[in-house]
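Everything below concerns the one structure shown next.
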Amino acid sequence: MISPSASPGRPGTYIRFDGWLLAVENAFNLIAAASILILMLLAVVQILGRNFFNLPVPGFIDITEQAMAVFAFMGVAYCQRVGGHIRMELVLGQLRGRTLWVAELVGVVLIWLVIAALIYGSWFHFERAWTNGDSSIDIGLPIWPSKLVIPVALSLLWLRLTMQIYGYWRLIRHPAAEPIAVPVITGIEEAARHEIEEAFGDENETGGKEGTGR
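Using our numbering, the letters of the sequence shown map in sequence onto residues 5 to 218.
Structure follows, in structure tokens:
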């Protein structure tokens, strides 16, 4: 979960940049969700067309392979922002104060380094597909767009991790400060309340707007 809205005296530039990044993450996540919906509808057309009219969707497998990069990667930065990924909190849940923030920082820095390496490698694969003109087997769809999605989405995740590195470093320096734009460990009731607010847009009633309050 993410902390509530920023108030005067908090790091303004950090909060504004978080708001801009949040808008891009929301757009990427919306595209990923839309790709899943479109792919599901396309699968229905494929099944009905093949079984009842003997008219399958041309290149359905090719289209599915291309779409996988979109829905698998474009939502990762959003997931990192809201702490939606799987976290092993058995140990972290026992830590408090500066010790907790140090442990969180170490974990985020390690992920930050791994993602930086993945960005480099995925960009190399995109350049190779672009240069060689790689295409899918069935209907010859160019492969480079799906390969470009990966370094772009990972770059957004890298920026989010950079923000969180600063956020945890700030908390290490000032353990009593309010966590801003970093995932924090919450109880079951608190997590459920935040998910309801996220889904129904009720954050205004609880003291913060998304984009200016993280």
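Every residue gets a Cβ at the ideal spot worked out from N, C-alpha and C, and that includes glycine.
Bounds of the alpha helix (DSSP H) holding S39 are G16 to F56. Assigned with DSSP and collapsed to three states, S126 falls in helix.
The closest CA to that of I115, considering only F32, S139, A81 and D138, is found on A81. Counting the other CB atoms within 10 Å of its CB gives M167 a total of 16 or more, which places it among the buried residues.
In terms of Cβ geometry, P60 and R54 form a close pair [threshold 7 Å]. With a beta-carbon spacing of about 5 Å, N33 and G79 fall inside the 8 Å limit used to define contacts. The C-alpha of F204 is placed about 28 Å away from the C-alpha of M72. A straight line joining the alpha-carbon of P146 with that of A133 spans about 8 Å.
When beta bridges are read from the DSSP output, S139 appears opposite P146. Counting the other CB atoms within 10 Å of its CB gives V118 a total below 16, which places it among the exposed residues. Per DSSP, the unbroken alpha helix (DSSP H) holding V86 starts and ends at V80 to V86. Contact annotation: Q84 and R20 have beta-carbon atoms that are not nearer than 7 Å.
In the displayed model, A121 falls within a helix according to three-state DSSP. Inter-residue distance for Y124 and F57 is about 46 Å (C-alpha atoms, whole angstroms). Within the same chain, and ignoring the five residues on either side of P155 in sequence, the residues whose Cβ sits closer than 7 Å to its Cβ are I123, S126, W127 and F130.
Spatial neighbours of V112 in its own chain (CB-CB distance under 8 Å, excluding positions within 5 residues in sequence) are listed in chain order as L165, Q168, I169 and Y172. In this chain, the alpha helix (DSSP H) harbouring E69 covers F64 to F77.
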